[in-house]
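*Asks:*
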Amino acid sequence: MDFKLKIWRQEQAAVSGKMMAYTVKDISPDMSFLEMLDQLNENLILSGQNPISFDSDCREGICGQCGLFINGRAHGPRGHTSTCQLHMRSFQDGETIYIEPFRAGPFPIKKT
Amino acid sequence: MYFSTDSKQIPKAKVPQGDLRDKWSNFKDQAKLISPNNRNKYHVIIVGTGLSGASAAASLAELGYNVSVFCFQDSPRRAHSVAAQGGVNAMKNYKNDGDSVHRMFYDTLKGGDFRAREANVYRLAECSASLIDQAVAQGVPFAREYSGYLSNRSFGGVQVSRTFYARGQTGQQLLLGAYQAMMRQVKAKKVTSYTRHEMLDLVLINGVAKGIIARNLDTGEITRHTANAVVLATGGFGKIYYLSTLAMGCNGSAIWRAHKKGAWTACPSWTQIHPTCLPQSGSYQSKLTLMSESLRNDGRIWVPLKKNEDRKAVDIPEEERDYYLERRYPSFGNLAPRDIASRAAKERIDAGHGVGSLKNAVYLDFKDALAKQGKAAIAKKYGNLFDMYEKITGINAYKEPMKISPAAHFSMGGLWVDYELSTNIPGLFSIGESNFSDHGANRLGANSLLQACVDGYYILPQTLPHYLAQSGKPETINSDDPAFLESELQVKQQLENFGKINGHKTVDYFHRELGKILYDKCGLTRTEKGLTLAIEAIKNLRDSFYKDLKIPMKTDGINEELEKAGRVADYLEIGELMCIDALSREESCGAHFRMEHQTNDGEAIRNDEEFNFISCWQKSDKAPVLIKEVLNFEFTKPTERSYK
Amino acid sequence: MDRSALDEIIVSGGYIGVNTGQAPEANQTLISSDTVEGAFDAASCIGCGACVASCKNGSASLFTAAKISHLAQLPQGKIEHHKRTNDMVNKMDELGFGACSNTGACEVECPQGISISHIAFMNKSFFK
Ligand SMILES: Cc1cc2nc3c(=O)[nH]c(=O)nc-3n(C[C@H](O)[C@H](O)[C@H](O)COP(=O)(O)OP(=O)(O)OC[C@H]3O[C@@H](n4cnc5c(N)ncnc54)[C@H](O)[C@@H]3O)c2cc1C
Ligand code: SF4
Ligand code: FES
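Quick mapping for you: the protein sequence lines, in order, are chains A, B and C. Take 1 as the starting number for the first sequence in UniProt numbering and just add one per residue. Take 1 as the starting number for the second sequence in UniProt numbering and just add one per residue. Take 1 as the starting number for the third sequence in UniProt numbering and just add one per residue.
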């Protein structure tokens, strides 16, 4: 599967951020959403670009560390599923996916 | 030679005198105390906020000591203890099924293949009952019978029901209990919590632990922290295998950096490879999710009799299925201990009976349990596990069997500690999974949540004050001491050097390669030839890491690649020591299975004559030095560990 | 993002005040299976903050109510219930989280399926 990604990039709380476009190719439907971002990051690092910062730890839906706003919804399109439990089979091939951090006044953004 | 042996050094285990049943009371009766009004003059650092760290922090703070806790996650509640599913063991004998402290002690010692200290194991069983009382008082919602009494289930390797559970989220609930108790002490201003801080070095002054160097993962700032004692509660390092049931951030760095300062590492190669995990489905995979062992209470494990079977599981008739655990181990069947179940699975997979797209799995089938007990009963017990399975694989396990396979899960090995949970460095303690203590060469299911809690709630709050009381008047430590400055400088240099390499490969590449070497050569089975090859391969990989690593340069602010680089640099050293440890032990015991030492039908041959000891590894400029703590079985007789 | 505000809400009172070593025998107080399962449903919150992020008011009510409800359903947690509720709700306001206007968005996004009925319970207990 291939996807177009629109990702909110912001270096730190004090500076302003913007949406940037990326593409990922040859994604397996069994890949988790964060594994898809891992793959994007590997490519960014190897080409000398700044990788995307996103939280995760347990990657099995229990620690609460992950949390992305995907296509306008907290933790993405599947209800009752944390970001790390979301798999690419929940998306359409070729789709454009919008990725932002959780936003709320008492949750300042660190880096994305 | 890959290592040398020092038979002159004899580790002091500090086991108290007396009968097994009296040892812990004897210790407490004689321990030195600090009076309540003096306790706030002492400061203790605890690195780690999992069950062991959080419970120790809460308990020490309640006593009146000042505590600083550190974790790399953004909240202490996210420590990986949160992921434990199945349950926690305790000797309550609520079932009246013949359980006793002695039986629990013996099950644990035998489960560990007689490679642990009797007195420690007995104390674990002895303190287990109070933990359940404590957790219930904190509000942990353990499962209950309809009558309102606490409920139990069975776990592998035992024939009684002593496991308490909170659905499939026992670790989460226990951890929240400990976390909340700790946060109550944050409110009381006895605990200061440093989240998003990673310990990068241990600082010794005159050979005594006096503090740590940490990095603030948000700002990149390197900070010095002083204390009268340092406790490492940093969990397991099974993530060294890359694919494991551990969290992304789990690491061996805290204990390894203490090792480099002189702390002994004990039996680092003893890793539990858990039989019931989700199989790998592709090279992109970042972790292998555990499916709780409790599933083996009702699920039956099998593979097709025919090699390279291509029919669907549901289409394979009963007489063409091989329930190999029930066949090989009739009395324990599907509840055979983990090491045995994992090896049996590997044996079938290697023989060509594996299932799934990569032929790397076996079936775990609920067909019979569903027919007998009904869907509602199974859903009540395992509903969240079935849901999780479906979320990850897209498969409904009420309709077809789960596919499972073995994955790295738990480190029996860790920092060597004596009976008082102190390492060989005065003032440095290690608790929970980060130490080597009660589990010997194989840990029984549901015993490690217990160990983490017992270490933190009951043992350390007795033994650490005993150390402080003996070490004289409370002193204030100067964070400008040369020892701190030197440590800080080294840490900064290392971080800067990673960025300067500017090669062509990411940290994850090196981590994945290391994982492959270890799974293949220092995993479920080991051979002399394989281990020597692995040692060379790891050395080469390490060389290429320092030549060809590529990470973003900056050391200030958030840089996950920099964090990972430090952890993988340590893994590349720990991995080598693991192989040396496995090579030096010419026997099969527990999770350590040397192909050279097995019976004709594939069972382990332990060698008590020559290897009845714990291997303590000391760092040296040349090859690592092996120091032996010989085990003394006063109250039991090591027997052959048979589950047939 | 920085979610330490959620920890601060717990610090303000999200616990039962028991010290290590004080606990009575666990089976001394019987608790019905339904009660425990109800408490568990609330206790399963993972503290991810999705409820806050999906709320147009930026309220942390679902998170806070889940903890209050978990502890209040159990006999051992009832004693401190009113003080706990007041302390936690006041803290939540002080930290700048918005007020709940019952849109129900949080419940939809919550990975643990925590029910907004806990919020009603919390509001009923507040200032009682
Ligand atoms: C998926 C899974 C399921 C399990 N299920 C069970 C079960 O059912 N029953 C059972 O008994 N056991 C189970 N276990 C084992 C058990 O959960 C662990 O052994 C136990 O929870 C470990 O607790 P701990 O306190 O030692 O470490 P952890 O909970 O792992 O905590 C480690 C802490 O150390 C911190 N840390 C680590 N390194 C650093 C550093 N360098 N700097 C700063 N902080 C650091 C982390 O931030 C964290 O706070 C399971 C384990 C896994 C992985
Ligand atoms: S969304 Fe649910 S799980 Fe996450 S913090 Fe809110 S209540 Fe807890
Ligand atoms: S990474 Fe732990 S819940 Fe998603």
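The C-beta atom is built at its ideal place from N, Cα and C for all residues, glycine as well. Treat the numbers as computed from the prediction; the structure is a model and nothing was measured.
Report the rounded CA-to-CA distance for alanine 60 of chain C versus phenylalanine 107 of chain A, giving the unit in angstroms.
*Replies:* For this step, residue 60 of chain C is matched to residue 60 along the third sequence. For this step, residue 107 of chain A is matched to residue 107 along the first sequence. Computed Cα separation, rounded: 11 Å.
*Asks:* Using only the alpha-carbon positions, how far apart do aspartate 368 of chain B and alanine 379 of chain B sit?
*Replies:* Taking the second sequence and counting its residues from 1, the one referred to as residue 368 of chain B is at position 368. Taking the second sequence and counting its residues from 1, the one referred to as residue 379 of chain B is at position 379. The straight-line gap from Cα to Cα measures roughly 14 Å.
*Asks:* Who are the neighbours of threonine 81 of chain A on chain B, taking C-beta pairs under 8 Å?
*Replies:* One-based indexing of the first sequence puts residue 81 of chain A at position 81. Simply Lys391.
*Asks:* Along chain B, which residues have their Cβ under 7 Å away from the Cβ of serine 53 of chain A?
*Replies:* As a working note, residue 53 of chain A is residue 53 in the first sequence. Ile558 and Glu560, listed in chain order.
*Asks:* By Cβ distance, which residues of its chain are closer than 6 Å to lysine 644 of chain B, with the 5 residues on each side in sequence left out?
*Replies:* For the purposes of this step, residue 644 of chain B is taken as residue 644 along the second sequence, with counting starting at 1. Hits under 6 Å: Tyr329.
*Asks:* Determine, using beta carbons only, whether arginine 215 of chain B and aspartate 57 of chain A come nearer to each other than 8 Å.
*Replies:* Residue 215 of chain B sits at position 215 when you count from the first residue of the second sequence. Residue 57 of chain A sits at position 57 when you count from the first residue of the first sequence. No. Outside cutoff.
*Asks:* Glutamine 17 of chain B and isoleucine 62 of chain A: beta carbons closer than 8 Å?
*Replies:* Numbered from 1 along the second sequence, position 17 holds the residue referred to as residue 17 of chain B. Numbered from 1 along the first sequence, position 62 holds the residue referred to as residue 62 of chain A. The answer is no: Cβ separation not under 8 Å.
*Asks:* So does the stretch 425 to 435 of chain B actually touch the stretch 542 to 559 of chain B, counting three or more Cβ pairs closer than 8 Å?
*Replies:* Flag = no, the stretch 425 to 435 of chain B and the stretch 542 to 559 of chain B do not touch.
*Asks:* Would you report the Cα separation of leucine 5 of chain A and leucine 40 of chain A, rounded to the nearest angstrom?
*Replies:* Numbered from its first residue, the first sequence carries residue 5 of chain A at position 5. Numbered from its first residue, the first sequence carries residue 40 of chain A at position 40. Taking the straight line from one Cα to the other gives about 10 Å.
*Asks:* Mind checking the stretch 226 to 251 of chain B against chain A and listing, in chain order, the residues whose C-beta falls within less than 8 Å of any C-beta there?
*Replies:* Correct list: Ala247, Met248 and Gly249.
*Asks:* Kindly indicate which residue of B/Ser471, B/Cys71, B/Ile501 and B/Glu420 has the alpha-carbon position closest to the one of glutamine 462 of chain B.
*Replies:* Against the second sequence, residue 462 of chain B aligns to sequence position 462. Here the closest residue by C-alpha is B/Glu420.
*Asks:* Is DSSP giving valine 203 of chain B helix, strand or coil here?
*Replies:* Here the question's residue 203 of chain B lines up with position 203 in the second sequence. Looking at valine 203 of chain B - three-state DSSP - the assignment turns out to be strand.
*Asks:* Go through the stretch 47 to 114 of chain C residue by residue and report every complete run of the alpha helix (DSSP H) that reaches 4 residues or more, in order.
*Replies:* If we require 4 residues or more, the alpha helix (DSSP H) runs fully inside the stretch 47 to 114 of chain C come out as 50 to 54, 61 to 73, 75 to 78, 81 to 94 and 105 to 109.
*Asks:* Would aspartate 7 of chain C pass as an interface residue toward chain A - the criterion being a Cβ-Cβ separation below 8 Å?
*Replies:* Locating residue 7 of chain C in the third sequence gives position 7, where the first residue counts as 1. False, the Cβ-Cβ gap to chain A never drops below 8 Å.
*Asks:* Any Cβ of chain A within less than 8 Å of the Cβ of residue 693 of chain B?
*Replies:* For residue 693 of chain B there is no data in the structure shown, the boundaries of chain B being 1 and 644.
*Asks:* Compare the C-beta of arginine 443 of chain B with all C-beta atoms of chain A and state if any pair is closer than 8 Å.
*Replies:* Position 443 of the second sequence, counting from 1, holds the residue named residue 443 of chain B. Not closer than 8 Å to any Cβ of chain A, the Cβ of arginine 443 of chain B fails to qualify, so no.
*Asks:* Please decide whether valine 88 of chain B counts as near chain C, where near means a Cβ-Cβ distance under 8 Å.
*Replies:* On the second sequence, residue 88 of chain B is found 88 positions in, with the first residue counted as 1. Output row for valine 88 of chain B: interface = no.
*Asks:* Is the beta carbon of proline 268 of chain B within less than 7 Å of some heavy atom of ligand 2?
*Replies:* Within the second sequence, residue 268 of chain B is the residue found at index 268, counting from 1. Answer for proline 268 of chain B: no, Cβ out of range of ligand 2.
*Asks:* Under DSSP, the alpha helix (DSSP H) around proline 77 of chain A begins and ends at which residues?
*Replies:* Taking the first residue of the first sequence as 1, we reach residue 77 of chain A at position 77. Looking at the DSSP string, proline 77 of chain A is not in any alpha helix (DSSP H), and its letter there is neither H nor E.
*Asks:* Quick one, which residues of the stretch 165 to 189 of chain B are near chain C if we go by CB-CB under 8 Å, in chain order?
*Replies:* Here the close residues are Ala166, Arg167, Gln169, Gln172, Gln173, Leu176, Tyr179, Gln180, Ala181, Met183, Arg184, Val186 and Lys187.
*Asks:* Within the same chain, show all residues whose beta-carbon is closer than 6 Å to that of methionine 578 of chain B, passing over the 5 residues directly before and after it, in chain order.
*Replies:* Position 578 of the second sequence, counted from the start, is the residue given in the question as residue 578 of chain B. Pro268, Ser269 and Cys522.
*Asks:* List, in order along the chain, the chain C residues whose C-beta lies closer than 8 Å to that of proline 106 of chain A?
*Replies:* Position 106 of the first sequence, counted from the first residue, corresponds to residue 106 of chain A. Within chain C, the residues near proline 106 of chain A are Ala5, Val52, Gly58, Ala60, Leu95, Gly96 and Phe97.
*Asks:* Using C-beta distances below 7 Å, list every residue in its chain close to lysine 41 of chain B, excluding the 5 sequence neighbours before and after it, in chain order.
*Replies:* Residue mapping note: residue 41 of chain B aligns to position 41 of the second sequence, counting from 1. Cβ neighbours of lysine 41 of chain B beyond the five flanking positions: Pro474.
*Asks:* Along the stretch 103 to 126 of chain C, what residues have a CB closer than 8 Å to any CB found in chain F?
*Replies:* The structure shown contains no chain F; its protein chains are A, B and C.
*Asks:* Any C-beta of chain A sitting closer than 8 Å to the C-beta of alanine 83 of chain B?
*Replies:* On the second sequence, residue 83 of chain B is found 83 positions in, with the first residue counted as 1. Cβ-Cβ to chain A under 8 Å: yes for alanine 83 of chain B.
*Asks:* According to DSSP, lysine 18 of chain A sits in a beta bridge with which residue or residues?
*Replies:* Here residue 18 of chain A corresponds to residue number 18 of the first sequence, with the count starting at 1. In DSSP, lysine 18 of chain A forms a bridge with A/Arg9.
*Asks:* Can you find at least 3 beta carbon pairs, one from the stretch 18 to 37 of chain C and one from the stretch 45 to 57 of chain C, that sit closer than 8 Å?
*Replies:* Segments in contact, no.
*Asks:* So with Cβ pairs under 8 Å, would you call alanine 14 of chain A a contact of chain C?
*Replies:* Indexing the first sequence from 1 puts residue 14 of chain A at position 14. Judged by the 8 Å Cβ criterion, alanine 14 of chain A is not in contact with chain C.
*Asks:* Locate the alpha helix (DSSP H) running through valine 11 of chain C, then write down its first and last residues.
*Replies:* Against the third sequence, residue 11 of chain C aligns to sequence position 11. Valine 11 of chain C -> alpha helix (DSSP H) spans 4 to 11.
*Asks:* Using alpha carbons as the reference points, say which of B/Leu541, B/Val82 and B/Ile425 lies closest to tyrosine 246 of chain B.
*Replies:* Position 246 of the second sequence, counted from the first residue, corresponds to residue 246 of chain B. The sequence given here has leucine at residue 246 of chain B, not tyrosine. When only C-alpha atoms are compared, the closest one is B/Val82.
*Asks:* Once DSSP output is grouped into helix, strand and coil, what is the label at histidine 225 of chain B?
*Replies:* As a position in the second sequence, residue 225 of chain B is number 225, starting the count at 1. Correct three-state label for histidine 225 of chain B: strand.
*Asks:* Counting only Cβ-Cβ distances shorter than 9 Å, please list the residues of the stretch 50 to 81 of chain B near chain A, keeping chain order.
*Replies:* Answer set for the stretch 50 to 81 of chain B: Phe72, Gln73, Asp74, Ser75, Arg77, Arg78, Ala79 and His80.
*Asks:* Compare the C-beta of alanine 23 of chain C with all C-beta atoms of chain B and state if any pair is closer than 8 Å.
*Replies:* Taking the first residue of the third sequence as 1, we reach residue 23 of chain C at position 23. So, interface residue.
*Asks:* Are glycine 13 of chain C and methionine 88 of chain C close, meaning C-beta to C-beta below 8 Å?
*Replies:* Along the third sequence, one-based indexing puts residue 13 of chain C at 13. Along the third sequence, one-based indexing puts residue 88 of chain C at 88. Cβ atoms of glycine 13 of chain C and methionine 88 of chain C: closer than 8 Å.
*Asks:* Answer yes or no: the CB of aspartate 57 of chain A versus the heavy atoms of ligand 3, is any distance below 7 Å?
*Replies:* Taking the first sequence and counting its residues from 1, one reaches residue 57 of chain A at position 57. Aspartate 57 of chain A: yes, Cβ under 7 Å from ligand 3.
*Asks:* So, do the stretch 244 to 260 of chain B and the stretch 389 to 396 of chain B have three or more beta carbon pairs nearer to each other than 8 Å?
*Replies:* Touching, no.
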